[in-house]
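In terms of UniProt numbering, the sequence shown has 112 at position 112, counting the first letter as 1, and numbering is strictly consecutive.
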Amino acid sequence: MVVTKLTRVSEIRHAQRADGPAAVLGIGTANPTFSIHQDMFPDYYFRVTKKEHLTHLKDTFSRIMGLERRFFHHTEQMLNANPGFLHGTPSALDARLDIVAKAAPELAASTAAKAIVRWGRPATDITHLIVATSSEARAPAADLALVSLLGLRANVCCTALQLNGCSAGCAALWLAKDIAENNRGARILVAYKK
């Protein structure tokens, strides 16, 4: 009797699982419009933080950077208008989180739309949405905004991974792999915003 029940559970689980490993079927990227070439970034950074007198740090800062271009949502004008951004005051944190709450879903939606086009199927075929971020923690999270911005089905299964640090993207991919391989027919959209 026990063997029969275990056999049936095994058969049910086998029927629910995908036939093969998970695969990435489309990738999209998007960046904020404001960017600075890396050669100019040390000058920009020390100017906006009003630390130009620290020339020895500026030289070190110039040598240790390995990026070609840096993308930002905040501009120098925004930083000058909100000096608390540079000093880490509690009101500045709230203002930064408000900026992220408005800008990040739109940026993530443009990225996701590119990935969906490369995938070649309609957005309504997506069964799961995973949104990972190291930038915010809110309820409701950005996943709800993405559902409406992308025109996903109302019953899409949403998961938000918030404040996971720099490993948030990897955690989202691990979760997507697990869902894809253990749920036949799962179509997962992962959006990572930093």
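All C-beta atoms, glycine included, are put in the ideal place defined by N, C-alpha and C.
All of these numbers come straight from a predicted model, not from anything done at the bench.
Are the beta-carbon atoms of residue 32 and residue 72 separated by less than 7 Å?
-> As a position in the sequence shown, residue 32 is number 32, starting the count at 1. As a position in the sequence shown, residue 72 is number 72, starting the count at 1. Yes, Cβ-Cβ distance for residue 32 and residue 72 is below 7 Å.
Which two residues bound the contiguous alpha helix (DSSP H) that contains residue 87?
-> Numbered from 1 along the sequence shown, position 87 holds the residue referred to as residue 87. Element bounds for residue 87: 84-87.
Between which two residues does the beta strand (DSSP E) carrying residue 35 extend?
-> Locating residue 35 in the sequence shown gives position 35, counting from the first residue. Looking at the DSSP string, the run of the beta strand (DSSP E) that includes residue 35 is 34-37.
Between the Cα of residue 101 and those of 185, 174, 182, 135, spot the shortest distance and give me the residue it belongs to.
-> On the sequence shown, position 101 is the one that residue 101 refers to. That would be 135, whose Cα lies nearest to the Cα of residue 101.
Just checking my contact of residue 113 with residue 169 at CB under 8 Å: how many whole Å lie between their CB atoms?
-> Locating residue 113 in the sequence shown gives position 113, counting from the first residue. Locating residue 169 in the sequence shown gives position 169, counting from the first residue. Their Cβ separation, rounded to whole angstroms, is 19 Å, which puts residue 113 and residue 169 out of contact at 8 Å.
Out of 51, 125, 58, state which residue places its alpha-carbon closest to the alpha-carbon of residue 155.
-> In the sequence shown, residue 155 corresponds to position 155, counting from 1. Per the Cα distances, 125.
Taking the C-alpha atoms as reference points, what is the distance between residue 34 and residue 8?
-> For this step, residue 34 is matched to residue 34 along the sequence shown. For this step, residue 8 is matched to residue 8 along the sequence shown. Approximately 57 Å, taken between the alpha carbons.
Alpha carbon to alpha carbon, how far is residue 17 from residue 123? Give it in angstroms, no decimals.
-> Here residue 123 refers to the residue found at position 123 of the sequence shown. Here residue 17 refers to the residue found at position 17 of the sequence shown. Each residue's alpha carbon lies about 22 Å from the other.
From residue 67 to residue 185, what does the alpha carbon distance come to, in whole angstroms?
-> Taking the first residue of the sequence shown as 1, we reach residue 67 at position 67. Taking the first residue of the sequence shown as 1, we reach residue 185 at position 185. Approximately 39 Å between the Cα atoms of the pair.
Is it right to say residue 117 is buried, meaning 16 or more other beta carbons lie within 10 angstroms of its own, or is it exposed?
-> For the purposes of this step, residue 117 is taken as residue 117 along the sequence shown, with counting starting at 1. Label assigned to residue 117: exposed.
Minimum length 4: unbroken alpha helix (DSSP H) runs contained in the region 119-166 = 142-150
For residue 58, three-class secondary structure by DSSP | Along the sequence shown, one-based indexing puts residue 58 at 58. DSSP places residue 58 in helix when its eight states are reduced to three.
Can the beta-carbon of residue 70 be found closer than 7 Å to that of residue 27?
-> On the sequence shown, position 70 is the one that residue 70 refers to. On the sequence shown, position 27 is the one that residue 27 refers to. Against a cut-off of 7 Å, the Cβ pair of residue 27 and residue 70 comes out as no contact.
For the alpha helix (DSSP H) that contains residue 191, what are its first and last residues?
-> Residue numbering aside, residue 191 sits at position 191 when the sequence shown is read from its first letter. Element bounds for residue 191: not the alpha helix (DSSP H) but the beta strand (DSSP E), 188-193.
Helix, strand or coil at residue 96 according to DSSP, with G and I counted as helix = Walking along the sequence shown from the start, residue 96 turns up at place 96. Looking at residue 96 - three-state DSSP - the assignment turns out to be helix.
Beta-carbon spacing of residue 25, residue 119 below 7 Å | Along the sequence shown, one-based indexing puts residue 25 at 25. Along the sequence shown, one-based indexing puts residue 119 at 119. Yes. Within cutoff.
Is DSSP giving residue 69 helix, strand or coil here?
-> By one-based count along the sequence shown, residue 69 stands at place 69. It is a strand residue.
Starting from residue 177, follow the alpha helix (DSSP H) in both directions and report where the run begins and ends.
-> As a working mapping, residue 177 is identified with position 177 in the sequence shown. First-last of the alpha helix (DSSP H) with residue 177: 168-182.
Answer yes or no: the CB of residue 163 versus the heavy atoms of the ligand NAP, is any distance below 6 Å?
-> The ligand NAP is not part of the structure shown, which contains no ligands of any sort.
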